[in-house]
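Working notes, structure below.
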Amino acid sequence: MRVQLRRGVVLLITTVILGAGCVVFFLGGENRPARVQADADAPVQASVAAIARRDADLWQEFSGRFEAVEAVEVRARVSGAIRSIYFREGALVRRGDLLLLIDPDPYRAEVDRLAGQVAAAEARARFTRSEADRADRLIETDAIAARDRDRRANDAAEAAANLRTARAALRAAQLNLSYTQVRAPIAGRIGRRAITPGNLVDAGPGAPVLTTILSVDPIYAGFEADEDTVARALASIRGNRSHVGTIPVSAMLDGAPMPIVGHLQLVDNQVDARAGTVRLRATFANPNGLFTPGQFTRIRLGQAHREPVILVPEAAIGTDQSRRFVLVLGPDNRTIYREVQLGQLLDGMRVVTQGLRPGERIVISNLQRLKPGALVQPRNAPMAVQAS
2 MRVQLRRGVV
12 LLITTVILGA
22 GCVVFFLGGE
32 NRPARVQADA
42 DAPVQASVAA
52 IARRDADLWQ
62 EFSGRFEAVE
72 AVEVRARVSG
82 AIRSIYFREG
92 ALVRRGDLLL
102 LIDPDPYRAE
112 VDRLAGQVAA
122 AEARARFTRS
132 EADRADRLIE
142 TDAIAARDRD
152 RRANDAAEAA
162 ANLRTARAAL
172 RAAQLNLSYT
182 QVRAPIAGRI
192 GRRAITPGNL
202 VDAGPGAPVL
212 TTILSVDPIY
222 AGFEADEDTV
232 ARALASIRGN
242 RSHVGTIPVS
252 AMLDGAPMPI
262 VGHLQLVDNQ
272 VDARAGTVRL
282 RATFANPNGL
292 FTPGQFTRIR
302 LGQAHREPVI
312 LVPEAAIGTD
322 QSRRFVLVLG
332 PDNRTIYREV
342 QLGQLLDGMR
352 VVTQGLRPGE
362 RIVISNLQRL
372 KPGALVQPRN
382 APMAVQAS
């Protein structure tokens, strides 16, 4: 009997404890949503800025390579043995610098021989001219037959023609003698030498290349740009291709602190139908030889005039999988999700091509603490990179 009474007391106490716990649980559960809702409605401080258009230089970047404005393959113009080489491989040369010397002795001897022929032809021409003049005087007194007068005049004309021929042959020989001195036809950087002293070289179009010279200053940069970018650039000069030099262009090398400004020199006359690109070429000053033909570079192509664009700081742009968005501030200070299309980066600010209108306000700080529909306590701030 006592055992049953003890069990009843224990059961009663257990029931009371469990009942009290349930009451506390349900009372607490009723208050929790209220606290969560109160936290959700608490405004989050964030900087906001108004959207406005601003004039900016728009650039598109492309890959390109430098090209020499002038490129020359140096060949011999007369045959003979190489006597001396005067250039250092890889050095800068000026136009007219002596590069190689082909043995001049045979050509100097030919000049001397032809000079003798010219002297003989001059003497013959003087004599025949004198005889012809004497015949002209004698014919007036009938002291000579007309036939003799004509013969002497013909001899004088023939001697004059022979003199011209001899002089022309001498000039040709003198040219050949001058060609034994192989000089730089352009200024630039010379390449490796393909021949050494003592070797025989031939002349003519099929002659071997002795060395090459590539001009250095100025230098071209060739690149391919998509047809839409080219169309916009040409539209900025109203399609007048004679003004392509006003379209800004710059080149950047890896490790260079600043881009090098150049001038657009060529927009090709057709679009590559397979790639949808147009060939362009820019000119850059290169007095220090910083750029080398064949070297890779990044080319930035702009437009002749600045364009009004919408710029927002990178901190104001969120990522939603593959989409980009900003939080627009509504009239009730609640955030509105807005997908945007982005353009290029300019001085730390991102161009927005679609999705925003001037006059709207967007959140530019604390983006990670906000969701669409969140209440914001706005702090007005300038649309700048430093906003946080």
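Under the numbering used here, read the sequence shown as residues 2 to 389, first letter to last.
Ideal placement from N, C-alpha and C gives every residue a C-beta, glycine not left out.
Item, Value
"Straight-line Cα distance separating residue 80 from residue 160", "33 Å"
"Cβ separation of residue 252 and residue 265, assumed to be a contact under 8 Å, to the nearest whole Å", "Incorrect: roughly 12 Å between the Cβ atoms, too far for contact."
"Cut-off 6 Å between Cβ atoms - residues of its own chain near residue 63, not counting five sequence neighbours on either side", "224, 226 and 300"
"Candidates 298, 262, 92 and 221: closest to residue 268 by CA position", "221"
"Extent of the continuous alpha helix (DSSP H) to which residue 128 belongs", "106-139"
"Rounded C-alpha distance that separates residue 359 from residue 365", "15 Å"
"Endpoints, beta strand (DSSP E) assigned at residue 156", "Per DSSP, residue 156 belongs to no beta strand (DSSP E); it is in the alpha helix (DSSP H), 147-180."
"Backbone CA spacing between residue 52 and residue 351 [nearest angstrom]", "13 Å"
"CA nearest to the CA of residue 383, picked from 43, 355, 49 and 82", "49"
"Three-state secondary structure (DSSP) of residue 271", "strand"
"Those residues which DSSP pairs with residue 65 across a bridge", "224 and 298"
"For residue 279, the three-state DSSP class (helix, strand or coil)", "strand"
"DSSP bridge partner residues for residue 355 (one or two, in chain order)", "342"
"DSSP-derived helix/strand/coil call for residue 79", "coil"
"In DSSP terms, what residue 327 is bridged to", "339"
"Beta-bridge pairing of residue 284 - partner residues as DSSP gives them", "221 and 264"
"Inter-residue Cα distance where the pair is residue 93 and residue 258", "26 Å"
"Through-space distance from residue 270 to residue 311, alpha-carbon basis", "33 Å"
"Burial state of residue 327 (16 or more Cβ within 10 Å)", "buried"
"Nearest-angstrom Cα separation, counted from residue 377 out to residue 36", "Confidence is the limiting factor: at residue 36 the pLDDT is only 43, short of 50, which leaves the residue's position unreliable, though a coordinate-based value still follows. C-alpha separation (whole angstroms): 19 Å."
"Distance between residue 138 and residue 170 (C-alpha atoms, nearest Å)", "35 Å"
"Exposed unless 16 or more other CB atoms sit within 10 angstroms - verdict on residue 155", "exposed"
"Those residues which DSSP pairs with residue 381 across a bridge", "49"
"CA-to-CA distance, residue 183 to residue 217, given in whole angstroms", "21 Å"
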